[in-house]
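One structure below.
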């Protein structure tokens, strides 16, 4: 990244002084102004320096006063000013905030208390009026020391400094449209702490996490480098943008010269150069940074206690990649706010049907959400006990808000007797026929909500082929698991289904969330592959090259076959994928070299997938898949119309082209989840080939151009057919 681009990003880290002159012009004799969310009834965060800022005439003196405290500053040459007043303690008595310059602004009924930012998608935007017992809750909402603002939906390609959002005093007349999760959290905090609570509600239903994330967030997470490059490449101040635009201008000027010549010579001319798509500004509110720019940026610098977050439904097919995206969001917000690691508490999304989607996709997402708790000062609320399986918006927002409040009360307000963290798996011990699980954060002995034995435990072991339901017995803070189908269980998974509503809780009733633990057996022993399949090809992939020479080649021994299986091992990553035979020629099921005459871009049926890579769904229901086997060069165009495939990046639906003996692709995909099962590309270059299990970590999902083979020490492919 160039120095100029780094400086551009750094400028975004001082949001109160970003120059956006097109949005905030300096007018002659302009009155001093405040951001639109500074207003009557506002709540200011206690125990933090009070930052007040705005716009006015250059070099004009501005004085801000609250009670006996005042601070004076001067408008800079760009028309911006900011002052800081000393931190104040919470006060239930209303105050006035007075700004004096050439004009005077007086904000009335200002409170000092606790301020929380509330963000995410529809379950955060969900209102009190649409939650459980709305009439009762609205009638009882006489809490004038709770205040709320709702930021208007507003995407933007550039950071906006202005937000118009009036503060509302909580009452039966106003609370109906408050964020329900935020309100129920605020109500408990107010009742327990007896201080004013301010809620800044910046949320938008159906949104992904990427648009809420600032550029610096993406830039600081290596796994998201492709998104970061895309964002920086669209920033007119970056070197990447400038160089690409200069190249386009040169091409266009050359074309214009040729076009003028063609007019006089009456000769044909090719079309003008197309504007580079990578320079086009984002348009959708779902594009990276768009909601940070329009709905968060203007708030940055306003002191807060912390943030609560309820989002994920729109990203739920991404597995552990979501952890990286949440890390970018949290770290990016914290860096820009300049308050250190402020608290960030979030809600694990609820069980839900999600149509015909594979039932294990959602549990892998829950696992990614749980991993976010490895970041400092974060905490997760589990809600699998209050879900509505036919409604993605569980109406019980009371318990959600209460559980979020518990995190804040314990961690931020010194209430050490409050239990906030749900029980979590601490250890797994395998001994003969029994698997013993020990839990932490149990708040006493484990129990079940319904008094029945714990539900939704599954175990696996050598020879068991798959996970099987287990009988579970509670013993204090441990659970003992056995299964008649698994003689020697070595690993466990719990609530591993999108519709899972387990009954296991801690002593206070907080539910146990989905998890996996223990040591899964390797796929050969787990699936008994060698008892059902016959090995045809075995290849050490460190020996890749233009000519493929298998370490084992038994293709001459195979007469007929109905299924084909591929076992790929890349260091610790392993996947076995099997499917109905897509050809009756055994010479075409290995590496699709020119000599093999294999060339397939087609769907395959009854595909099953077993893997230890969490980003890949375990498919055991005979789903359809798609294969891309050919020795050709290929492009990203989705000529075969594979569902969900892109026409601009290499992924699950590409098109072969000339030359026939070109780059080469051996890829298997699961289109329903837009997942690459595995890829072996460009084998002719040997150590620089593209190898991968799961979706690629760069721009292209199918590992094209990754040159990743050299990153693996052990790499092996085995190809099987079913035994007669």
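In my numbering, the protein residues as written are 105 to 828. Even for Gly, the Cβ is constructed at its ideal location relative to N, Cα and C. In this text the structure is predicted, and so the values were computed from the model without any measurement.
- The bridge partners DSSP lists for residue 215 are 147.
- In the three-state scheme derived from DSSP, where H, G and I count as helix and E and B as strand, residue 292 is classed as helix.
- Assignment of residue 819 by DSSP, reduced to helix, strand and coil, places it in the strand class.
- For residue 583, the enclosing beta strand (DSSP E) stretches over residues 582 to 586.
- Around the C-beta of residue 591, fewer than 16 other C-beta atoms lie within 10 Å, and the residue is accordingly described as exposed.
- Of all C-beta pairs linking the region 721 to 737 to the region 703 to 710, three or more are shorter than 8 Å, placing the two stretches in contact.
- Boundaries around residue 426 are those of the alpha helix (DSSP H), 425 to 441, since no beta strand (DSSP E) includes it.
- In its chain, beyond the 5 residues on either side, 528 and 530 have a beta carbon closer than 6 Å to the beta carbon of residue 544.
- Sequence-distant Cβ neighbours of residue 646 in its own chain, meaning closer than 7 Å and more than five residues away, are 819.
- Here residue 445 carries a coil assignment [DSSP, helix/strand/coil].
- Per DSSP, residue 738 lies in no alpha helix (DSSP H) segment; the continuous beta strand (DSSP E) that holds it begins and ends at 737 to 739.
- Distance from the CA of residue 325 to the CA of residue 800, rounded to the nearest whole angstrom, comes to 16 Å.
- Looking at the backbone, the Cα of residue 362 and that of residue 382 are separated by about 25 Å.
- Residue pairing by DSSP places residue 528 opposite 544 in a beta bridge.
- Apart from the 5 residues on each side of it in sequence, residue 765 sits with its Cβ closer than 7 Å to the Cβ of 698 and 735 in its chain, given in chain order.
- A direct Cα-to-Cα measurement between residue 724 and residue 667 gives close to 15 Å.
- A Cβ-Cβ contact shorter than 8 Å links residue 218 with residue 149.
- Between the region 680 to 698 and the region 746 to 757 there are fewer than three C-beta pairs closer than 8 Å, too few to call the two in contact.
- Two segments are said to touch when three or more pairs of C-beta atoms, one from each, lie closer than 8 Å; by this definition the region 271 to 283 does not touch the region 195 to 202.
- In the three-state DSSP reduction, residue 484 falls in the strand class (E or B).
- If you check the CB distance, residue 155 and residue 407 come in under 8 Å.
- A Cβ-Cβ separation of about 6 Å places residue 253 in contact with residue 304 under the 8 Å criterion.
- Judged by DSSP secondary structure, residue 367 falls within the alpha helix (DSSP H) whose first and last residues are 343 to 369.
- For residue 637, DSSP records a beta bridge to 826.
- Nearest C-alpha to residue 670 among 242, 641 and 656: 641.
- The alpha carbon of residue 597 has as its nearest neighbour, out of 205, 559, 487 and 233, the alpha carbon of 559.
- In the three-state scheme derived from DSSP, where H, G and I count as helix and E and B as strand, residue 562 is classed as strand.
- Residue range 779 to 785 is occupied by the beta strand (DSSP E) that includes residue 785.
- In the same chain as residue 181, and ignoring 5 residues on each side of it, the C-beta atoms closer than 6 Å to its own belong to 162, in chain order.
- Excluding its 5 nearest sequence neighbours in each direction, residue 272 has C-beta neighbours in its own chain below 6 Å: 252 and 278, listed in chain order.
- By the C-beta density criterion, residue 379 is exposed, having fewer than 16 other C-beta atoms within 10 angstroms.
- DSSP places residue 504 inside the alpha helix (DSSP H), whose first and last residues are 501 to 515.
- DSSP places residue 229 in the uninterrupted alpha helix (DSSP H) bounded by 226 to 229.
- Inter-residue distance for residue 727 and residue 250 is about 51 Å (C-alpha atoms, whole angstroms).
- Using a C-beta cut-off of 8 Å, the region 230 to 240 makes no contact with the region 365 to 373, since fewer than three inter-stretch Cβ pairs fall below that distance.
- In the structure shown, the three-state DSSP call for residue 789 is helix.
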